[in-house]
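Engineer:
Protein chains: 2
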Amino acid sequence: MNEAPRSPRERFREQTRNEAKRVALEQLAESGPSGISVNAIAKRMGVTGPALYRYFEGRDALLTELVTDGYRDLAEALEAAAHAHRRKAPATRFREVALRFRAWALEQPHRYLLLFGTPVPGYRAPELTFELADRSMRTILEAVVALAPADLPSGRAAPDRELVAWRERRGEPPAPPAVLRRAVLAWTRLHGLVSLEVAGQFGGMGVSPEPLYRSEIENLLHQPWE
Amino acid sequence: MNEAPRSPRERFREQTRNEAKRVALEQLAESGPSGISVNAIAKRMGVTGPALYRYFEGRDALLTELVTDGYRDLAEALEAAAHAHRRKAPATRFREVALRFRAWALEQPHRYLLLFGTPVPGYRAPELTFELADRSMRTILEAVVALAPADLPSGRAAPDRELVAWRERRGEPPAPPAVLRRAVLAWTRLHGLVSLEVAGQFGGMGVSPEPLYRSEIENLLHQPWE
DNA sequence: TACGAGTGTTAGATATTCTAACTCAAATAT
DNA sequence: ATATTTGAGTTAGAATATCTAACACTCGTA
Chain L
1 MNEAPRSPRE
11 RFREQTRNEA
21 KRVALEQLAE
31 SGPSGISVNA
41 IAKRMGVTGP
51 ALYRYFEGRD
61 ALLTELVTDG
71 YRDLAEALEA
81 AAHAHRRKAP
91 ATRFREVALR
101 FRAWALEQPH
111 RYLLLFGTPV
121 PGYRAPELTF
131 ELADRSMRTI
141 LEAVVALAPA
151 DLPSGRAAPD
161 RELVAWRERR
171 GEPPAPPAVL
181 RRAVLAWTRL
191 HGLVSLEVAG
201 QFGGMGVSPE
211 PLYRSEIENL
221 LHQPWE
Chain U
1 MNEAPRSPRE
11 RFREQTRNEA
21 KRVALEQLAE
31 SGPSGISVNA
41 IAKRMGVTGP
51 ALYRYFEGRD
61 ALLTELVTDG
71 YRDLAEALEA
81 AAHAHRRKAP
91 ATRFREVALR
101 FRAWALEQPH
111 RYLLLFGTPV
121 PGYRAPELTF
131 ELADRSMRTI
141 LEAVVALAPA
151 DLPSGRAAPD
161 RELVAWRERR
171 GEPPAPPAVL
181 RRAVLAWTRL
191 HGLVSLEVAG
201 QFGGMGVSPE
211 PLYRSEIENL
221 LHQPWE
């Protein structure tokens, strides 16, 4: 997105940083989060350990950057799916977004776990986590908004008020609370299935997760609007 | 459960092991999975580092033991909830088991994340993971079985066959595939909500997760049996 | 009471993160 | 074109981690 960095030095710097992150993701895939080692990354890049400290404050900063990159990547994948089907029926669009979500997770399970699994380093701020997840959440929300009929009533229960307030805080057009609640449920249900699948919990059960996932999508599409 | 260890030495050994695991869980709560250090545990126990290697093969073995303990603990909590309400209506029993599930996770979020988050050490075998999660799964399954009407048909779709086969493999009384599917969905939906809550993803949203969780329980109870 | 199994210690090999001090090349400025 | 400065990479080293090996001691056991 950003145009070419001005100086050759900045370009080189950017290139080295990306290379380091690329190698870090390799390490992540091979040996898990705790296998990401500044030293090993440097060695694999053909430089000594301390050299990398010119580019990252330390191991945790590098990890954090992988996390933020991951959230951005996921959000972009979902947005692309939504955009690709923007002319289709809302149900179709929702399905495609949901399927893209699972596909993204399965393409790079270690990254998905890095985002939604145990916080790895010292501890990353939960607020940061939320800010980042929010962009994906918004795409799902838009897909759910398009599904809802026009005449949904406004609820008065506690979670409804919270959701409406949250939506207002972001300066987005208001949506009926039932829609917001449905969007959150969509998020948690899809995440529940995907995270257990990625963590290998279905493996021993002999269940193919895909039909389950599809049926859960249909459940969300056909569930009555209270 | 196990009766008193015979020799004083075995008793002492058991005691030391438990103490070590207790301290390890403290470390886990304070500094996350990567903060669990054999050295630090030993220091906190008043001995030197290498002493602990008499009791655990290494750091990974200790970690693995924390994981297996956690799965056992969770399963026992769910079984206790089911047992406490064994005379109540099936819907009540299911509700209580589901609520206990969330309560267990909230009481010790770091442990829940240790079980269902990113695999931490080298890599624990997924089969092991499944074996252990199975016991909790079974309790949920029993609760769902009790909910189902008696005249459910047997499906012929692929996931149904898999689920039935899985159930048979464990030598348990057969259950209609719709029931098994519902049980898996219960598991994934509850886990989806709880894991996002425990990971702090709802924090910034200002949503109280409890009403959402309860509504999801009711959704499971009232969803038609296809 | 003598033995031996088991517990804990120190020393050390290896690997990690990260800082400090230094060199050197290359981009920038004059 | 030359001088200056910026910054990349190096080695050295402090602090801490896992884990092994060799040794000492102690307390159950025979």
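In the order they appear, the protein sequences are chains L and U.
Oh and the first sequence: position 195 is 195 in the UniProt record's numbering, straight run, nothing missing.
Oh and the second sequence: position 81 is 81 in the UniProt record's numbering, straight run, nothing missing.
Where a beta carbon is used, it is the ideal one built from N, C-alpha and C, also for glycine.
Bear in mind that the values here come from a model prediction, so they are computed numbers and not experimental data.
Thinking residue 67 of chain L and residue 82 of chain L are a contact (beta carbons under 8 Å), I'd like their distance in whole angstroms, please.
Structural biologist: Not quite, the Cβ-Cβ distance comes to about 23 Å (not below 8 Å), so this is no contact.
Engineer: Along the chain, where does the alpha helix (DSSP H) containing residue 12 of chain U start, and where does it finish?
Structural biologist: Run containing residue 12 of chain U: 8-31, per the alpha helix (DSSP H) assignment.
Engineer: Inspect the beta-carbon positions of residue 77 of chain U and residue 94 of chain U and report whether they are closer than 9 Å.
Structural biologist: Result no, Cβ atoms of residue 77 of chain U and residue 94 of chain U do not sit closer than 9 Å.
Engineer: Let me see if you follow: with CB-CB separation under 9 Å, is residue 207 of chain L close to chain U or not?
Structural biologist: Closer than 9 Å: yes.
Engineer: In terms of residues, what are the limits of the alpha helix (DSSP H) holding residue 226 of chain U?
Structural biologist: Careful: residue 226 of chain U lies outside any alpha helix (DSSP H) and carries neither H nor E.
Engineer: By the three-class DSSP mapping on this structure, what secondary structure does residue 214 of chain U have?
Structural biologist: Helix at residue 214 of chain U.
Engineer: Cutting at 7 Å between CB atoms, please list the residues of its own chain near residue 196 of chain L, excluding the five before and the five after it.
Structural biologist: Cβ neighbours of residue 196 of chain L beyond the five flanking positions: 202.
Engineer: Please state if the CB of residue 113 of chain L and the CB of residue 228 of chain U are separated by a distance shorter than 9 Å.
Structural biologist: Residue 228 of chain U lies beyond the residue range present for chain U, which begins at 1 and ends at 226; the question has no answer from this structure.
Engineer: Using a cut-off of 7 Å between C-beta atoms, extract the partners of residue 33 of chain U located in chain L.
Structural biologist: Result: 118.
Engineer: Could you check what DSSP says for residue 53 of chain L in three-state terms: helix, strand or coil?
Structural biologist: In the structure shown, residue 53 of chain L sits in a helix (DSSP, three-state: H, G or I).
Engineer: Using the rule of at least 16 other Cβ atoms within 10 Å of the residue's Cβ for burial, across every protein chain shown, is residue 92 of chain L buried or exposed?
Structural biologist: Residue 92 of chain L should be labelled exposed.
Engineer: Excluding five sequence neighbours on each side, which residues of the same chain lie with their C-beta closer than 7 Å to the C-beta of residue 167 of chain L?
Structural biologist: Only 174, 175 and 180 meet the Cβ criterion.
Engineer: Could you list which residues in chain U have their beta carbon closer than 9 Å to that of residue 144 of chain L, in chain order?
Structural biologist: Neighbours of residue 144 of chain L on chain U: none; closest Cβ ~15 Å, over 9 Å.
Engineer: Taking its Cβ as the centre, do 16 or more other Cβ atoms sit within 10 Å of residue 213 of chain L, making it buried, or is it exposed?
Structural biologist: Buried.
Engineer: Check each candidate in U:86, U:87 and U:33 and name the one with the smallest Cα separation from residue 64 of chain U.
Structural biologist: Nearest C-alpha to residue 64 of chain U: U:33.
Engineer: Check residue 172 of chain U in the structure and name its three-state DSSP category.
Structural biologist: Residue 172 of chain U falls in the coil class under three-state DSSP.
Engineer: Determine, using beta carbons only, whether residue 133 of chain U comes closer than 9 Å to chain L.
Structural biologist: Yes, residue 133 of chain U counts as interfacial toward chain L.
Engineer: With a threshold of 8 Å (Cβ to nearest heavy atom), would residue 171 of chain U be considered close to the ligand FAD?
Structural biologist: For the ligand FAD, the structure offers nothing, since it holds no ligand at all.
Engineer: Suppose the cutoff is 7 Å on Cβ atoms and the five residues either side in sequence are ignored; what does the same chain contact list for residue 240 of chain L look like?
Structural biologist: One cannot answer for residue 240 of chain L here, as it falls past the ends of chain L, which runs 1 to 226.
Engineer: How about residue 113 of chain U: is its C-beta nearer than 9 Å to some C-beta of chain L?
Structural biologist: By this cut-off, residue 113 of chain U is an interface position.
Engineer: Quick check: residue 29 of chain L and residue 42 of chain L, are their CB atoms within less than 9 Å of each other?
Structural biologist: No; because the gap between Cβ atoms is not below 9 Å, this pair is not in contact.
Engineer: Nearest-angstrom Cα distance between residue 224 of chain L and residue 219 of chain U?
Structural biologist: The alpha-carbon atoms of residue 224 of chain L and residue 219 of chain U are separated by roughly 11 Å.
Engineer: Does the beta carbon of residue 24 of chain L sit closer than 9 Å to a beta carbon anywhere in chain U?
Structural biologist: Chain U contact via Cβ: absent.
Engineer: So, is the C-beta of residue 188 of chain L closer than 9 Å to a C-beta in chain U?
Structural biologist: True, the Cβ-Cβ gap to chain U drops below 9 Å.
Engineer: Name the chain U residues that come within less than 8 Å of residue 191 of chain L, Cβ to Cβ?
Structural biologist: Simply 192, 195 and 196.
Engineer: Any C-beta of chain L sitting closer than 9 Å to the C-beta of residue 215 of chain U?
Structural biologist: Judged by the 9 Å Cβ criterion, residue 215 of chain U is in contact with chain L.
Engineer: Can you look up residue 68 of chain L in the DSSP assignment and give me helix, strand or coil?
Structural biologist: It is helical.
Engineer: Which ranges does the alpha helix (DSSP H) cover as unbroken runs of at least 4 residues, wholly within the stretch 64-112 of chain U, from first to last along the chain?
Structural biologist: Taking only runs of at least 4 residues, the alpha helix (DSSP H) segments lying wholly in the stretch 64-112 of chain U are 90-107.
Engineer: Which residues bound the alpha helix (DSSP H) around residue 178 of chain U?
Structural biologist: Element bounds for residue 178 of chain U: 177-198.
Engineer: Give the interface partners of residue 212 of chain L over in chain U, defined as CB-CB distance under 9 Å, in chain order.
Structural biologist: Under the 9 Å cutoff, chain U gives 159, 181, 184, 185 and 188.
Engineer: From the DSSP output, in three-state form, read off residue 152 of chain U for me.
Structural biologist: In the structure shown, residue 152 of chain U sits in coil (DSSP, three-state: anything other than H, G, I, E or B).
Engineer: Near residue 8 of chain L, what residues of its chain come up, given a Cβ to Cβ distance below 7 Å and the 5 sequence neighbours on each side ignored?
Structural biologist: If we look at residue 8 of chain L and ignore the five residues flanking it on each side, it has no Cβ neighbours.
Engineer: Report the three-state DSSP secondary structure of residue 37 of chain L (helix, strand or coil).
Structural biologist: Residue 37 of chain L falls in the coil class under three-state DSSP.
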